[in-house]
Amino acid sequence: MSSYLLTDSWTMTRRGLSHWRRRPVQVLVGLAFPVLMLVMFAYFLGGGMGVENYREFLVPGMLALTMAFGLESTMVELTQDLTKGVVDRFRSLPMAPSAVLVGRSVLDMLHSALCLMVLLGVGLAMGWRWHGTGSAALAAVGLLLLLRFSLLWAGIYLGLVAGRPELVQAVQILIWPVAFLSNAFTSPDTMPGWMGALAEWNPMSATAQAVRELFGNPVWGGGGSWATEHALLLAVGWPVVLSVLFFVLSVRRYRALGR
């Protein structure tokens with residue numbers, strides 16, 4: 001069964017790559033959007049932030065925030081396959097039931113890794129630098145991709161629940177509060193008490209804080225809160241829990257589609 005899953009998942013991934021070749025503009029737009037966001041916050045808003053060397057603080061936060069971008073594309077493509085009967089046809093074939101979802105996740109992770117590399121290059125061009133070891137930098141990149149993996153499976157599950165492309169627009173609104181209610185751009189200490197607590201425990205904040213530490217970039221003090229002091233632990237724990245939870249939910253939802 002595992003060999004069938006690997007083979008069938010790779011077939012689904014190749015299907016998505018062929019779509020990339022036919023729609024390169026869509027891929028380029030997905031790469032350009034985070035770059036525009038980074039440039040905007042660095043050059044337009046950076047002067048108003050009370051952080052020394054704001055760009056070194058900003059880039060890790062933007063890298064973490066970028067891991068939430070583009071989920072709607074995966075959700076829309078999945079729901080389009082559902083409404084057009086493509087998934088029903090796949091389900092009628094002798095293939096692993098979860099291969100469609102796994103193939104979709106592999107494709108998304110490839111795009112996310114490419115986007116991450118582009119954003120790192122732009123950050124270096126803007127003057128951002130990491131001050132830790134090479135292994136620490138690789139660990140930071142790994143944490144970012146782990147966060148994306150967990151958010152991806154949450155997006156896949158929400159896409160399966162939505163069922164139609166037009167409903168994805170309503171679901172994707174949830175992404176922005178989760179993404180921006182974090183320490184990516186500002187300290188939770190500046191927020192109202194309840195909001196600051198939510199921001200400190202946000203998985204996005206944990207990853208941003210841990211990545212800053214691994215890169216040797218400026219971090220928010222956080223007033224000595226447990227979430228801030230154990231950011232690395234939370235940056236691993238949150239994504240692992242979310243990945244397992246939403247993977248199981250997604251596979252169950254997918255299997256129940258034809259019932």
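Numbering (UniProt numbering), first residue to last: 1 to 259.
We put the beta carbon where it would ideally sit given N, CA and C, even for glycine.
Just so we're clear, the structure is a prediction, and the values are computed from it rather than from any experiment.
Straight-line gap, residue i to residue j (C-alpha atoms, nearest Å)
i, j, result
"GLY61", "THR190", "17 angstroms"
"VAL59", "MET37", "11 angstroms"
"PHE185", "ALA113", "22 angstroms"
"PRO97", "ARG104", "13 angstroms"
"ALA137", "LEU120", "11 angstroms"
"GLY127", "SER9", "40 angstroms"
"GLY159", "LEU174", "12 angstroms"
"VAL35", "MET95", "39 angstroms"
"PHE90", "PRO24", "25 angstroms"
"ARG164", "THR83", "6 angstroms"
"GLY48", "VAL87", "In this predicted model, GLY48 has a pLDDT of only 46, less than 50, meaning its place in the structure is not dependable; the value taken from the coordinates is given anyway. Near 49 angstroms, if we compare the C-alpha coordinates of VAL87 and GLY48."
"LEU242", "ALA235", "11 angstroms"
"residue 299", "VAL219", "Outside the shown range of the chain, which is 1 to 259, sits residue 299, and nothing can be said about it."
"LEU151", "VAL244", "11 angstroms"
"PHE57", "GLY216", "10 angstroms"
"LEU6", "GLN80", "24 angstroms"
"SER18", "THR11", "11 angstroms"
"GLU72", "GLN172", "6 angstroms"
"ALA125", "LEU232", "27 angstroms"
"ALA68", "MET109", "12 angstroms"
Host alpha helix (DSSP H) of residue i (start-end)
i, result
"THR207", "203-215"
"LEU152", "134-162"
"GLY70", "Per DSSP, GLY70 belongs to no alpha helix (DSSP H) and is neither H nor E."
"HIS111", "99-125"
"VAL241", "231-255"
"ALA42", "That residue, ALA42, is in no alpha helix (DSSP H); it is neither H nor E in DSSP."
"PHE90", "86-92"
"ALA197", "193-200"
"PRO165", "165-172"
beta-carbon residue i near the ligand SAM non-hydrogen atom, thresh 7 angstroms
i, result
"GLY196", "As for the ligand SAM, it is missing from this structure, which has no ligand bound."
CA nearest to the CA of residue i, picked from the options
i, options, result
"LEU107", "ALA68, SER205, THR13", "THR13"
"THR66", "LYS84, ARG91, GLY30", "GLY30"
"ALA154", "GLY132, GLN209, PHE246", "PHE246"
"LEU63", "SER92, VAL122, PHE44", "VAL122"
"GLY134", "LEU233, LEU214, GLN26", "LEU214"
"LEU249", "LEU143, VAL161, ARG21", "VAL161"
"residue 275", "TYR54, VAL39, GLU77, GLU166", "Residue 275 lies beyond the range of the chain shown here (1 to 259); nothing can be said about it."
"ALA157", "LEU78, MET40, HIS131", "Here residue 157 is Tyr; the residue named in the question, Ala, does not match the sequence. Checked all of LEU78, MET40, HIS131; the closest Cα to TYR157 is LEU78."
Integer-rounded CB distance, given that residue j should sit under 8 angstroms from residue i
i, j, result
"VAL240", "LEU101", "That pair is no contact at about 18 angstroms."
"THR74", "LEU147", "Not quite, the Cβ-Cβ distance comes to about 15 angstroms (not below 8 angstroms), so this is no contact."
Residue-level contact to chain C via CB, residue i, 8 angstroms cutoff
i, result
"ARG15", "In the structure shown, chain C cannot be found, because there is only a single protein chain."
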